[in-house]
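J.: Chains A and B supply the protein sequences, listed in that same order.
Converting from the first sequence to the numbering used here requires adding 387 to each position, the first position being numbered 1.
Converting from the second sequence to the numbering used here requires adding 310 to each position, the first position being numbered 1.
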Amino acid sequence: GESVGLHLPTLSVQEGDNSIINCAYSNSASDYFIWYKQESGKGPQFIIDIRSNMDKRQGQRVTVLLNKTVKHLSLQIAATQPGDSAVYFCAETPGTYKYIFGTGTRLKVLA
Amino acid sequence: GAGVSQTPSNKVTEKGKYVELRCDPISGHTALYWYRQSLGQGPEFLIYFQGTGAADDSGLPNDRFFAVRPEGSVSTLKIQRTERGDSAVYLCASSLDGVAGANVLTFGAGSRLTVL
């Protein structure tokens with residue numbers, strides 16, 4: 388399938404290390420945020436979400452941090468595995484059905 | 311179905327031709343979305359359906375683009391007089407309803423359109 392994001396910012400991490408992917412969102416009115424993972428030739432896959440009344444949320448091996456003061460979102464992946472290699476997008480919505488996606492970050496896991 | 315199904319997965323057409331892209335959402339999902347993803351970009355909103363009606367088509371780039379969802383399930387995105395700039399991956403997503411923060415979007419694998 389087509390490789391999404393040939394010119395995206397790339398983060399390279401060693402297998403087993405922790406990864407941190409950052410996202411600056413645009414709308415101060417946004418109150419719900421999602422991180423999606425997209426592998427080549429596939430659609431975006433939900434990873435984790437967070438509402439604006441929280442500043443941290445944990446899932447399995449993933450943590451999302453939200454800093455509303457500086458409109459910044461981050462995704463932390465613990466013990467990064469080869470299967471984590473993909474493009475990661477943050478998405479925001481100001482309480483509507485319309486999600487605004489960021490440009491994405493490519494994560495490369497080095498063996 | 312178990313997931314969002316999109317057909318065709320790849321479509322190559324010539325400039326000026328008409329194309330239709332089909333989306334079969336998850337059974338029971340009333341909200342359906344079309345997004346367009348160009349190379350190196352995140353998905354961009356095109357249109358949102360709640361049931362059979364297009365609740366918001368503000369993302370459609372021009373009147374060559376049209377989408378329908380006549381029975382509140384399957385949706386078709388139609389592009390007339392295709393142009394090279396229409397080349398992209400067209401993603402369909404569905405959710406239980408359109409309430410933001412209540413139900414996440416589940417995406418299909420997309421239909422890659424190439425206009426020669």
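C-beta: ideal position from N, C-alpha, C; glycine also.
The model shown is predicted, which means the values in this text are computed figures rather than measured ones.
Mind reading off the beta-carbon distance from A/I449 to A/I464? Whole number of angstroms is fine, and I expect it under 8 angstroms.
T.: As a first step, residue 449 of chain A is located in the first sequence; it is residue number 62 there, counting from the start. As a first step, residue 464 of chain A is located in the first sequence; it is residue number 77 there, counting from the start. Note that residue 449 of chain A is Val in the sequence shown here, rather than Ile. That pair is a contact at about 6 angstroms.
J.: May I have the straight-line CA-CA distance separating B/L331 from B/E381, to the nearest angstrom?
T.: The sequence position of residue 331 of chain B within the second sequence is 21, counting from 1. The sequence position of residue 381 of chain B within the second sequence is 71, counting from 1. The straight-line gap from Cα to Cα measures roughly 16 angstroms.
J.: Could you run through the region 342–364 of chain B and flag, in chain order, every residue whose CB is less than 9 angstroms away from some CB of chain A?
T.: Y343, Y345, Q347, L349, G350, Q351, G352, P353, E354, F355, Y358 and Q360
J.: Whole-angstrom Cβ separation of B/I336 and B/G313, contact assumed at under 8 angstroms?
T.: The residue given as residue 336 of chain B occupies position 26 in the second sequence. The residue given as residue 313 of chain B occupies position 3 in the second sequence. For a cut-off of 8 angstroms, the C-beta gap from B/I336 to B/G313 is around 7 angstroms, short enough to register as a contact.
J.: Using the Cα positions of B/F375 and A/L452, report the straight-line distance between them to the nearest angstrom.
T.: Counting from one through the second sequence, the residue named residue 375 of chain B turns up at place 65. Counting from one through the first sequence, the residue named residue 452 of chain A turns up at place 65. Between B/F375 and A/L452, the C-alpha separation is close to 38 angstroms.
J.: For A/T397, count neighbouring C-beta atoms within 10 Å of its own C-beta (all shown protein chains included) and say buried if the count is 16 or more, exposed if not.
T.: The residue you call residue 397 of chain A lines up with position 10 of the first sequence. Burial call: exposed.
J.: Could one say the Cβ of B/L387 lies closer than 8 angstroms to chain A's Cβ atoms, at least one of them?
T.: To locate residue 387 of chain B, count along the second sequence from 1; it is residue 77. Chain A contact via Cβ: absent.
J.: Would you kindly work out how many angstroms separate the C-alpha atoms of A/P431 and A/Q425, rounded to a whole number?
T.: What you label residue 431 of chain A is simply residue 44 of the first sequence in a count that begins at 1. What you label residue 425 of chain A is simply residue 38 of the first sequence in a count that begins at 1. Those two C-alpha atoms are separated by around 4 angstroms.
J.: Does DSSP put A/D436 in a helix, a strand or coil?
T.: In the first sequence, counting from the first residue as 1, residue 436 of chain A sits at position 49. The answer is strand: DSSP assigns A/D436 an E or B state.
J.: Confirm, please, whether the CB-CB distance from B/C333 to B/S385 is below 8 angstroms.
T.: Along the second sequence, read from residue 1 onward, the residue named residue 385 of chain B stands at position 75. Along the second sequence, read from residue 1 onward, the residue named residue 333 of chain B stands at position 23. In this structure, B/C333 lies closer than 8 angstroms to B/S385 by Cβ.
J.: Along chain B, in chain order, which residues have C-beta atoms closer than 9 angstroms to that of A/G489?
T.: Numbered from its first residue, the first sequence carries residue 489 of chain A at position 102. The answer, in chain order, is G352.
J.: Mind checking if A/E389 is an interface residue toward chain B, Cβ cutoff 8 angstroms exclusive?
T.: Counting from one through the first sequence, the residue named residue 389 of chain A turns up at place 2. For A/E389, the pLDDT reaches just 35, beneath the cut-off of 50, and the residue's location in the model is therefore unreliable, although a value from the coordinates is still provided. Yes - at least one Cβ of chain B is within 8 angstroms of the one on A/E389.
J.: Contact check, A/P481 vs A/D418 under 8 angstroms by CB: the rounded distance?
T.: Position 94 of the first sequence, counted from the first residue, corresponds to residue 481 of chain A. Position 31 of the first sequence, counted from the first residue, corresponds to residue 418 of chain A. With a Cβ gap of about 6 angstroms, A/P481 and A/D418 count as contacting.
J.: For the beta strand (DSSP E) containing A/L497, list its first residue and its last residue.
T.: Taking the first residue of the first sequence as 1, we reach residue 497 of chain A at position 110. Here the beta strand (DSSP E) through A/L497 covers T492 to L497.
J.: Taking 8 angstroms as the CB-CB cut-off, is A/I408 touching chain B?
T.: Here the question's residue 408 of chain A lines up with position 21 in the first sequence. With its beta carbon at least 8 angstroms from every one in chain B, A/I408 lies outside the interface.
J.: Drop a sphere of 10 angstroms on the beta-carbon of B/P371, count the other beta-carbons inside from all chains shown, and report buried for 16 or more, exposed for fewer.
T.: On the second sequence, residue 371 of chain B is found 61 positions in, with the first residue counted as 1. Under a 10 Å Cβ-count criterion, B/P371 is classified as exposed, with fewer than 16 other Cβ atoms of the shown protein chains found around its own Cβ.
J.: Measure from the C-beta of A/G430 to each C-beta in chain B and report whether the shortest distance is under 8 angstroms.
T.: As a working note, residue 430 of chain A is residue 43 in the first sequence. At least one chain B Cβ lies under 8 angstroms of A/G430.
J.: On the premise that B/L426 lies in contact with B/E324, defined as a C-beta separation below 8 angstroms, what is that separation, rounded to the nearest angstrom?
T.: As a first step, residue 324 of chain B is located in the second sequence; it is residue number 14 there, counting from the start. As a first step, residue 426 of chain B is located in the second sequence; it is residue number 116 there, counting from the start. The distance from the Cβ of B/E324 to that of B/L426 is about 5 angstroms, consistent with a contact at the 8 angstroms cut-off.
J.: In chain B, which residues lie less than 7 angstroms from A/L494 when you measure between Cβ atoms?
T.: Against the first sequence, residue 494 of chain A aligns to sequence position 107. Ordered by position in chain B, no residue passes the 7 angstroms Cβ test against A/L494, which lies about 15 angstroms from the chain.
J.: Assuming B/Y345 and B/L401 make a contact with CB atoms under 8 angstroms, what is their CB distance in whole Å?
T.: Here residue 345 of chain B refers to the residue found at position 35 when the second sequence is read from its first residue. Here residue 401 of chain B refers to the residue found at position 91 when the second sequence is read from its first residue. Their Cβ separation, rounded to whole angstroms, is 4 angstroms, which keeps B/Y345 and B/L401 in contact under 8 angstroms.
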